[in-house]
Amino acid sequence: MLGGNVRFAVLGAVEVSVEGLELPSLAPRHRAFLAYLLLHSGTVLSVERLSEAMWGPTRPDTARAQVHAALTAIRRTLRAADAGHLVETRAAGYVITPEPGRLDLQEFTTLVAKAESEARSEPAVAVRALRGALALWRGPAFADVQAHFAESARARLEDRRLAAIERLGELELAAGRHEELIDQLAAELTAHPLRERLAGQLMLALRRAGRQTDALAVGRGYRRRLADEQGLDPGPAFLAVEESVLRGEPSAVATIRPAAAFLPYDIADFAGRSVQVEELCEPARQAVTISAIDGMAGIGKTALAVHAAHRLAERYPDGQLFIDLHAHTAGQLPLESGGALEVLLRQLGVPTERIPASMTERAALWRAELAGRRVLLVLDNAADAAQVRPLLPGASNSLVLITSRQRLTDLDGARALSMDVLPLPDALELFTGIVGERAAAEPEAVTEVLLLCGFLPLAVRIAATRLRHRPRWSVDHLAERLRDERRRLAELARSERGVAAAFTLSYRHLTADQQRLFRLLGLHPGRDIEPYAAAALADLPVERTEDVLEDLLDAHMLQQRVFGRYVFHDLLRRYAADLVAEQEPPQARDGALTRLLGHQLTTASAAMDVLYPDSAHRRPRVERATPPPVPLHDAPQALAWLDAERANLVLAADRDVAHTSLLATTLYRYLYDHAHHDDALALYGKALRAARRREDPADEGRALTDLGWVHQVRGRHDVAREHFDRALAACRTAEDRRGQARALLGLARVGTDEGDHERAKEANLRALDLFRDIGDRFGEAVTLDYLGIVHERLGRYARAADLHRQALELSREIGSRGGEADALDNLGVACTRLGRLTEARDHHEQALELYRLFGYRRGEAKALNSLAEIAATMGDLGQAVRLHSAALDLAVELSNRSEEKRAREAIAQLLSTLETSHRK
């Protein structure tokens, strides 16, 4: 197998080779895709992220197609070396995973890390590692790539290369090998004339070689360029080197090392976050660069900031400072800005007696001390922008990394980086790095544990640590303990910290209004919530509720995946549910839920009135809620609200028996017409159980009929007939004539599907009489249309067409757009049987237009299949195949077995005919 011998190179032109032989070249655009995949090797990249990397915010309409084409081309090239498996398709996108040691960028990173670990004890080994790392560079990274991401990525990697050269220079100078460095440092300084450490090292190398005049000339040149281009003076470390050269001293290398190093240790098992790390490590584009890292408790903000700071340390030789501002520290108040300035000034080496008493004077001294220096400053655990604003440097080439649980939206000039939970590969890396080999033996259980931890780094770390210290536990046992939702937060705790404790610190910093809404949201049974529903839950005006929701979003107590809709992290949802149970009395909880369910029902009813005014008489009448339902002015708005709330409505049906039946009856047409069969089965099943608990035969019959129709459209005729028979009996017991008619109509449809047309005709006629007796014109129109289908199946095409026309006229008269579409489509079938193909095609096209206009997906596949059959009859076999294929895709998606079978059989016949004609 050759796959393990494939080598990738990006430190220069992008190349793919096997044992020194380059594989067939990819097109320039495809090389760009490969480069970006390799830059993030091991990370799953979505189509959207790949598109943005290639084209930025102005991506072409064909972006998705070009992404797929590029991945296909890359796999084709790799398959030539039996390495197509290196590019995998995952649920969230694509990932490339080169074999260890087969990507030059990974080799470079590994060798530099090795050099750093060996520098103190084995400097000669470190030097060899650095020279090996630098030898991998064949030119600028991604030299042949033209894409949106390339320039910034190239700059980041070039900065890493220069940092490696500077580290090499430091080690070689310490070993007395200055002669070997002069040419290399001079070349690099010519290419990067504002690189202070390069200038200082070249001055030292020249001075030690006895070339004091040349060394001073280098210093003067650097000073001049720095003043001309940035208006700055060199930092203290450079000044110390310059002074030693002027005095003719040998100068120790220590003078160019950082003056103050206060960073906490970088955790050994830091995992993932490659994109965020690279973003933080981008070369500075202004004098003072400020990055504000925000995210929920336990998301790993401090770990990221410290990890990035260690990566960046060598760029800031004048000091790396760190301070915890204690915004969310148990038992401590947030550190005042004046106190923080005192700590930071001491870290810079300012004597206590020189530190002024007032905060204003301390801030002035702080800015003066940093003027002209290159310092890296980590302000951890900040409360708000007001706390950190006095701590920011003035005229300085410094970098400030701020972490906060609050979005610092009013911190001018800061780059915001909001952290999300770990993607699955990164969470796996973190968990496995702590647990070790035991994780590999139970991959499915590991994935479940990560899911139950919500991919939150703190939760993953605690779970993994518990497992590591309990050698007799299996991963599955850990997963079993976490499955108990009520105990999950307790399981994710250890003596010194826990997930719930971290959440509590965030919760305590909320205002009273924010705390109350946060708690009440723990009652919401759905997945996400919009402001109107939250307002009903909290009994607040919508405008006020939206403000509080946004505050919770800024505090990372809520998340927002879709504009206008708010969602909990799973563990925060559990925390909120525990809080509301502890702190809200039962009466308050019941009142909040009643308001929420009332809002859902009234808004659903209003949406259905907009979409289906023809069947308003069949839906329960409900009082309008306060606050009023979401404004729904037209069908697209009504449909959008139902689509967004559908999962929430189904989940809410568990909370109240009466509410379940009302909701199921209200939503019937929407769920059926739009083919939301799984949700329909779940909701109608709940409604059936609720009706039986209440011993309500009318509601039982209605739920059985609704279930029957879903089974019918899925082709489960036996199950559907059983439901319709039981529904008919229940409705007779309840003396519900409309319910009887609906059950009879269902039995008629099953009879038609099974070919028992006479029985179907009889059931249709009985239903028609009942609908006419009670004045249900909508039911009458539907039954006339179904009766037409029966006559068409019996070969009575003219009678079928007449019945469909009656149904069409009645549907238009009562404003039933769904009934109109069905009647047109069925009339098209009758016209086809009568040989009137042009008329039939017109009817089907009108029906298809209506189905699509109103989102009635259940009818689309049927209309497409009918149009395909007309195309085939008229001799356009290619068009027929295309239409049947579209119908097949839709039928499979909707689990419409009859239309799926119809399309498959037709496509097979058409392809056979086309193949035969080609042979001739």
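Quick note on numbering: the sequence shown equals residues 179 to 1098 in our numbering. Just so it is clear, CB atoms sit at the ideal spot from N, CA and C, and this is done for glycine as well.
Beta-carbon contacts of residue i that lie in its chain and below 6 Å, excluding the five residues immediately before and after
i, result
"T480", "D558, T581"
"W233", "H326"
"Y416", "The sequence shown places Phe at residue 416, rather than the Tyr named in the question. Correct list, in chain order: E374, G378."
"A1064", "L1042"
Classification of residue i by the beta-carbon crowding that lies within 10 angstroms, buried from 16 upward
i, result
"I952", "exposed"
"K939", "buried"
"S994", "buried"
"M735", "buried"
"Y790", "buried"
"M786", "buried"
"M381", "buried"
"H506", "buried"
"L1031", "exposed"
"H811", "exposed"
"V758", "buried"
"Y272", "buried"
"G450", "buried"
"T467", "buried"
"F741", "exposed"
"S576", "buried"
"S1102", "Shown here, the chain extends from 179 to 1098; a query on residue 1102 therefore has no answer."
"M474", "buried"
"D856", "exposed"
"G700", "buried"
Range of the contiguous alpha helix (DSSP H) that encloses residue i
i, result
"Y710", "709-716"
"N1074", "Unbroken run through N1074: none, as it is neither H nor E."
"D884", "875-891"
"F609", "602-613"
"T930", "915-931"
"E762", "Unbroken run through E762: none, as it is neither H nor E."
"I952", "935-952"
"V897", "895-912"
"D963", "955-971"
"A261", "Taken as a continuous stretch (DSSP letters only), A261 belongs to no alpha helix (DSSP H), as it is neither H nor E."
"C1009", "995-1011"
"Q362", "357-369"
Beta-carbon proximity list for residue i, same chain, < 7 Å, skipping 5 on both sides
i, result
"K1040", "D1003, E1077"
"I471", "K479, L482, A483, L579, I580, T581, L595, M597"
"Q692", "V726, D729, L730"
"P143", "Because residue 143 is not part of the residues shown, which for the chain are 179 to 1098, the question remains open."
"R799", "none"
"R209", "V192, D322, V323"
N- and C-terminal bounds of the beta strand (DSSP E) containing residue i
i, result
"I501", "498-502"
"Y272", "271-274"
"Y744", "743-745"
"Q737", "737-740"
"R1122", "Since the first and last residues shown for the chain are 179 and 1098, residue 1122 lies out of range."
"E266", "265-268"
"I580", "577-582"
"R593", "592-596"
"I477", "No beta strand (DSSP E) contains I477, which DSSP labels as neither H nor E."
"V556", "554-560"
8 Å Cβ shell around residue i - same chain, five flanking residues per side excluded
i, result
"H1021", "L1002, D1003, L1005, G1006, C1009"
"D392", "L384"
"F142", "An answer regarding residue 142 cannot be provided, because it is not within the stretch 179 to 1098 covered by the chain."
"V1059", "A1046, I1085, L1088, L1089, L1092"
Any non-hydrogen atom of the ligand PLP within 8 Å of residue i CB
i, result
"L849", "Absent from the structure shown: the ligand PLP. Ligands present: none."
For the stretch 302-328, list the alpha helix (DSSP H) runs that are entirely contained and at least 4 residues long, ordered along the chain. none
Runs of 3 residues minimum, wholly inside the stretch 192-258: which ones carry the beta strand (DSSP E) assignment? 193-196
Would the stretch 1061-1075 count as touching the stretch 891-901 if we require 3 or more Cβ pairs under 8 Å? yes
Assess contact between the stretch 962-969 and the stretch 931-947, defined as three or more Cβ pairs (one per stretch) separated by less than 8 Å. Is contact present? yes
Spell out a yes or no on whether the stretch 436-447 and the stretch 535-544 are touching, meaning 3 or more CB-CB pairs, one atom from each, closer than 8 Å. no
Quick check: the stretch 504-519 against the stretch 538-556, are there 3 or more CB pairs under 8 Å? yes
Stretch-stretch touch, CB-based, cutoff 8 Å, three pairs: the stretch 303-323 with the stretch 247-254: no
Check whether the stretch 928-939 touches the stretch 913-920, counting contact only when three or more Cβ pairs, one atom from each stretch, lie closer than 8 Å. no
Closer than 8 Å is the cut-off here; do at least three beta carbon pairs connect the stretch 838-849 with the stretch 859-869? yes
Please list the segments of the alpha helix (DSSP H) lying wholly inside the stretch 795-855, counting only runs of 4 or more residues, in order along the chain. 813-830, 835-851
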